Every structure is written in structure tokens, then in C-alpha cells.
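Working notes, beginning with the structure itself.
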Amino acid sequence: MTMPPPDSTASQSSRTDALKVAEISSWVVAAIDDEMDNLTLVTKVLTFNGATVHTAFNGALGLELVRQVRPTLILLDLSMPVMDGWAMVAALRADPNFQKTPVIALTAHAMVGDKERILAGGFDGYISKPFRISTFLGEIIRCLTQSAQQA
Amino acid sequence: MNQPLVVVLLGATAILTLLLAVRIWGQRQHSRAASVAMTALMVGVLYWTVLYLLEISSIDTTFWLAVYRLKFIAVVLVPVASFAFSAAYTGRDALLRTNTLAILLVVPLLTTVIIWTNDYHHLMWQQISRTQESGVSTTTTVTGMWFWVNAFYAYVLLLGGAWLLLRQFIKAPAAYQRQLIALIIGLAAPFAANAVTIFGTLQFDLTPFAFAVTGGALTWGMLRFNLLDIAPIARNVVIDSLPDAMFVLDQQGRLVDLNPAGSSLFQAGPSDLVGKPIAEVAPMLRQRPELAERYRANTPYQEEVTFDRPGEPGISYEIRISPLRDGRGEPIGRVVLMRNITERKRIERELQAQNDALVRANAELAEAREIAEAATQLKNQFLANMSHELRTPLNAIIGYTEIQLAGMTGALNEEQTRYQERVLANSEQLLGLINDVLDIAKIEAGRMNLIRAPFALRPWFHDLYEKNRVLAESKALDFKLDIAADLPETMTEDAIRLAQVVTNLLSNAIKFTTQGLITLAARRNDAEGWQIAVSDTGIGIPLHAHETIFEEFRQIDGTSSRKYGGTGLGLAIARRIVQIMGGTITVRSELGVGSTFTVALPIAKLAESPEAMAAAASVKTNP
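For the record, the sequence lines run as chains A and E.
Each step along the first sequence adds one to the number in our numbering, with nothing skipped, and position 65 is 110.
Each step along the second sequence adds one to the number in our numbering, with nothing skipped, and position 32 is 159.
In C-alpha cells form, the structure reads like this:
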């Protein structure tokens, strides 16, 4: 597995930040999805690269989880029982502790317009299922870089 | 006769006629022609009286004769004025035209000329003399031939006017009859007096005295019956030709007068109807007895009623009732006007029915549209769900495969690796197929709604170029981007869908080219259009396939699908999208040389609103 290149659109000055966020071992990721297969995949890909991953099966459990583990990044499915991704991201954005935490939608909603709707709905990034590992990591790094620049 | 008494009477007559002239002139707005004629008559009489006074009181003989002659101006004009009044009062406007009046004035004019030239021919009088007694002179003449012509003419006018008034009298309602009696007495009196003077043996001309009678009768008529106020001028013309039924009722509800339309409404002649109670003659009132009660009130009243007449069901009338009052404001009856509004009602009903039908049709249309929209909404929801449900298992397949290929689960042997790569490739093809089928389904469902917005053209092209550059470089192909300078910075189009089209063309070009050059070029065609061309130096397309490649599930032949992959839907989708944008997609190709796909699009114009500019800016910064 080779590291995906840093975001090529990032400016020269932010390249160092991008490299820092590319140290995957420093990531604490909360993955929230009702699909066990997807949680397994995400966990495998991220832990293999050294990250710490915590999982939850719906938005409500996800909120409990993130308050416990204070993740550096949240991967959030949209269609879930009890509390869906839309509700959870709204709750996160209303919570001062998580207003800045990068939240990436990881969803099988991939019709035209879905991405725009999702980015407008409080998410920082968007990964459509099925995903390829390179795009997956690339989008995470892009979001973390963006977050680091804003911080 | 006592001479001073004559003078006093003449003086009183003069004052009375003067007052009458002023009063009637003041009322001319009510019935102009009649008022003008009556005023002329009164002024004529006044003049006559004054001149007669001068005549009988003059001492100088020359003055006396001149006054006698001047007096005749009135003597000849008064009958004409009298006749004109009768004509105006009875609505005979034809008799009042300038031509007719000119003819009527021929004899008076001749008479006047003859009087002033009498010394030469003695046509008017053969001898003229006077006797004086206690300061009052009496004129005696031996009449000439023309005197009788003039007298005859005056009587013709008198009788003509009386005849007009009598005709009116016969037809007029009772309230007007008394007024007419006053008029006839007033106008006949001077002539009766004149007749007595001419044919009798009296010393004095009684005619001016009779004018006192005229004045008195007219004053009485005017004050008691509002003479000229409600003068039935043109009654015949207007009321009789009125298509609306009109009738006059007295206080007891008896028919006093009615017009022909009214007679035909009651299906009887006026003589059978007048004097009878309205409830008896009006069959419709028997159907609706409460109406008759309602009409007794002495206030104006209006309503629309519908009756059934024999053979004519549902005749509608607009009924207006106006109370009639006499000069003192006492109610004396009612005028009822009935207008047949059956046709108007029918048209109103038809319009209402048409309107109702339109409203119903609109409601049905709205309902149909709602149903269609709901159905489209369902289809759309179904497609979204399908997409989601197909992608979820594919995510697991592709994900687990890639994890294994990436060595995250331990090393694979060569055969395992090869098979897993086949799983991945087939999964990718299945994903492409799912995307394409859903796109086609969306287009078929009419859900391919373009979201047109201004976008920054050059960054958009660079983004497309970057996304496909990796693929072209992986096949060691040259890849060129060529955007003409004449293209605007901002274009209005659905940028995402257009990118889908161009991406499809680029991936085809790269897929079917093994060596050489891929070009993405854009330029303006004319003021209204621009084009995007994707060229390759690939295998090319045989001529027979230039059309069919744009059809669904078509590839050049079965083998290419297996060799090159793809669903055969990409170009079909591209063409549908371009067509929805109002453009065309065409191909030029030569086997073994290469292909060029050209997308020609109209330059869509959106108002340069602040929103549009903001949208363009956001596309630029957030591609």
C-alpha cells in the first residue's frame, strides 16, 4: 500500500500541514454506520495504516461515542435507524465541542446532486460507496488538511 | 265697454304674459323646443298687447298708423308660435325643422310686406280710420282681400295645433289630460275672441284680452300640473317604441296607461286593459301574489323575477317600479317597467356553466398533475433507493477485494491475486452499469432536470483535464487542452451534467486509443453557440456505426464490449443530456485514424443577476 499523494491543489505553504495530517497513526476516527461490513472495511483500512478506530451503529450511539473518545475525524453514514447521519451532524454542529471536528459522509447516496446536498448539510467531506482505498484516504486527508488550515 | 277698463285689462295681460315668458324661459331645460315656442308665443302676445295699448292711446295719427302696422308683426307671428308649441309639446319634431318653420313663415312675411305697402294696393285694408272717445281710440278698417288670407292661415295653424293636442289628449293618461285641457283652453281663447272680433260687431279687438285667459290657463296648468315639467314630449316616440313593457298604475293598482310592449305582455289591447286592476290582467301576478303586495310601497323598487307563461317556461324580467307623485309630492301611482332579461339570463347561465366547466377542468388538470408529480416523485425515490441498495453490497465486494489485493489480510498467491483483480474489474463494470442504467431510467422518467447556473468555464475545463490526465498518462497518451480565447469566462449550463458528458467522451477516447494524442478543445461557433470537441487517434468508428453508437446498448459489435468493457450506455446518456441542454452531439471518424466527438451547445443566457454572479463565483471556488 502506497501513501496517496498529498492534495495536489493545496498550496505550497500548507504542504507541511498536509504531511503532518498524513501521519495516519495520529488519527482517532469514529466510524458510524449500520452496515457491519462497512465498519469492518473502514476499521481494517485505517487500523492497518496505524489509526485508532471506534465504531457505532447509529447516530445516537455515535453521539455517545464521540463524546467519549473525542475523535480527530468522524466518518458518518446517512441512512441509519434511530438517528440518521443528517440528525447526527446537526447535533454535532450544535455542540461547541464538535463544531470544528471534520465530519465526512460515507454513503451509498451517489445520485447527481447528492454530494452538493451533503456538503451543504454540515459535512466537510463526501465519500461515495463503493469507495476505493485511494479515494477514501485522499478525501480524509483533504478534509484534515482543510481543518488544520482553518484551525 | 268702459275704456279705462280696457286699458287696465291690457296692462294686466301684459304683466301676466311677461311673467309667464320669464318663468317658462327659465324652465327650458326640461323640454327645450316647447319652452322656446311657448316663450316666443308669450313674448309675441306681450308685444301685441303693448302695441295695442299704444294704438288705442295714441293721439298723433301718423304714430297711431305706424303702431297699428307694427302690431301686425305679432299678429302674424303669434299663430306660428302657437302651432310650433303644439308641435313641440306633442313631440312632432319633424314640424320644427328649419325648412318647415321657413315655410310656415312665408305667409306672415308676405302679410307684413303687404301691410307696409298697403297704400299702393289696399290688399290688407281698403280704408282705415279711427274714432276717439275719452282718450281711447278705436280703429276701424274696411278689410281687403289679403286680410282674409291671413286670417284663414292663422286659423289653419290654430286648428292644426289644436288637432295635435287633441290627438295627444285622447291617448294621454288622466294626469296629463287635465294639463292638456288647460293648454287647449289657453290656446283656443285668443282665437275665439278674434273670431268674435272679426265677425261680430264689437268696437274693440277682443283678442288681446283673450290672452289674459291664455296666460291664466297656462299659469294654472303650470302650477297645478307642472306643465312643461313633465310635458310628455316625444312620449309616443320613446315610450311606444320601448321594447320594455311599461305601464302606469294608480294608487289603487289599476292600469292607467301602458305602452304597446306592455299590451303584448298582457296579451290584450290597451282598451281592454286600462282601468282594470293589475292583479286581474297580469297572469304572472296570479302565480306570485306576494309580488303585487310588494309593489304597493311608494318607494323605488327593483328585482329580477322569473315567470312561466303558456308555452314559455322560465321567462325572466327585471322589474323596476318608480312611484309617481303630483306637484305637491303626494303619491298618485306607480310606473312599472318590465324588461325581458330571459336571453341575458340564459347567456349568464351559459357563461357560468362554461366557467364552472373550466374550473372543473382546471381542478382535474391540477389533480392529474399532482398524481403525475407524485408518480414521478415515487419513481425518483425508487431510483434513489435502488441506487443506494445496489451500491451497499458492491461496497462490501469492492472493499473486501481491495483490502485483500492491498495485502492487508496477508499475502495472496499469483492466482488469488489474478482472480481478485477480476472480481474488482467486474465489480467496477457492474458499478458503471448501475450508474448508467439509473441515469437512463432518470432520463426516461423525465427526472433529468438540468440545474443551469453560471459557472467559470476555464477552471471547469482544467478540472476535467486534471481528472482524466492520470488515465491518459497511464496509457502513455499525449493529452492536450485547447480553450479558444473567444469563449466567455462564464457560461450558463448544468456544469455537473456537462462534465458527465465530456468525461464519458474522454474516457471513450482514452479507452479506444493505444497511442497518439487525445485533445479536449472548446471554441465559440457563433453568437448563439459554442462547442466542445474530444478528438483521439484511436481505432476509429466504421461509417455504418456513426449513428447507432448513440443508441442504448449499442457498441460497434459484440466483441468490442468484451474487449473494451463499458455498458454501451455512455454515449446514449451523453446524447440525451446534450439534447436536454438543447444541443447536438456528432461524430467524425475514420477507421484506424481516429475519432472526433463534437458537442454543440447554445450559449444559454441568464440574467446577469447578483445571484447568478454569486453562483458563478461559488462554482469557481468550490469545484
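Note that beta-carbon positions come from the ideal geometry of N, C-alpha and C, so glycine has one too.
These numbers were taken from a predicted model, which means no experiment stands behind them.
- At a cut-off of 9 Å between beta carbons, H515 (chain E) contacts chain A.
- Taking a cut-off of 8 Å for Cβ pairs, the stretch 204-213 of chain E and the stretch 276-284 of chain E touch, as three or more such pairs fall below it.
- Linking P586 (chain E) to H515 (chain E) through their CA atoms gives a straight-line distance of about 31 Å.
- When DSSP reads this structure, D384 (chain E) sits in a beta bridge with E:V375.
- Taking 9 Å as the cut-off between beta carbons, the residues of the stretch 71-91 of chain A near chain E are E80, D82, N83, T85, L86, V87, K89, V90, in sequence order.
- DSSP places V720 (chain E) in the coil class of the three-state scheme, outside both helix and strand.
- Cβ-Cβ distances below 6 Å link I704 (chain E) to R624, V628 in the same chain, with the five nearest sequence neighbours on each side left out; the list follows chain order.
- According to the DSSP secondary-structure assignment, Q259 (chain E) is paired through a beta bridge with E:S264.
- Here S213 (chain E) carries a helix assignment [DSSP, helix/strand/coil].
- Under the DSSP assignment, M165 (chain E) falls in the alpha helix (DSSP H) whose first and last residues are 159-184.
- Residue contact check for Q504 (chain E) against chain A: no CB pair falls below 9 Å.
- For A701 (chain E), the enclosing alpha helix (DSSP H) begins and ends at 697-707.
- Look at the stretch 456-486 of chain E: it has no residue with a C-beta under 8 Å from a C-beta of chain A.
- Two segments are said to touch when three or more pairs of C-beta atoms, one from each, lie closer than 8 Å; by this definition the stretch 136-154 of chain E does not touch the stretch 185-193 of chain A.
- Close partners of M618 (chain E) in chain A (Cβ separation under 8 Å) are lacking, with about 18 Å as the shortest Cβ gap.
- DSSP places D435 (chain E) in no alpha helix (DSSP H) but in the uninterrupted beta strand (DSSP E) bounded by 428-436.
- Contact between the stretch 455-462 of chain E and the stretch 378-394 of chain E is present: three or more C-beta pairs spanning the two stretches fall below 8 Å.
- Nearest to S70 (chain A) by C-alpha distance, out of A:T117, A:G104, A:G107, is A:T117.
- R177 (chain A) reaches chain E at I525, E529, counting residues in chain order whose Cβ is nearer than 8 Å.
- Straight-line measurement puts the Cα of F393 (chain E) at about 9 Å from the Cα of A372 (chain E).
- The C-alpha of Y527 (chain E) is placed about 11 Å away from the C-alpha of P175 (chain A).
- When Cβ-Cβ separations below 9 Å define contact, S124 (chain A) makes contact with chain E.
- Closer than 7 Å at the C-beta level to chain E, one finds these residues of the stretch 137-154 of chain A: A153, H154.
- Contacts between A511 (chain E) and chain A, judged by CB atoms closer than 9 Å, involve H154, M156, D159 in chain order.
- Residue-level contact check: S173 (chain A) touches chain E, since one or more beta carbons of chain E fall below 9 Å from its beta carbon.
- Less than 9 Å separates the beta-carbon of T265 (chain E) from that of Q259 (chain E).
- In the displayed model, G170 (chain A) falls within a strand according to three-state DSSP.
- If you compare the alpha carbons of A:I119, A:N103, A:S124, A:A101 with that of A511 (chain E), the shortest gap goes to A:S124.
- Boundaries of the alpha helix (DSSP H) around M81 (chain A): 81-93.
- As the crow flies, the alpha-carbon of L108 (chain A) is around 12 Å from that of W131 (chain A).
- Secondary structure of T640 (chain E) (DSSP, three-state): coil.
- Counting only Cβ-Cβ distances below 7 Å, F93 (chain A) has contacts in chain E at M535, in chain order.
- The Cβ neighbour count for R518 (chain E), taken over all protein chains shown within 10 Å, is at least 16; the residue is labelled buried.
- In the structure shown, D621 (chain E) adopts coil according to DSSP, grouped into three states.
- Two segments are said to touch when three or more pairs of C-beta atoms, one from each, lie closer than 8 Å; by this definition the stretch 73-87 of chain A touches the stretch 99-113 of chain A.
- The stretch 316-324 of chain E makes no contact with the stretch 246-258 of chain E, as fewer than three CB pairs between them are under 8 Å.
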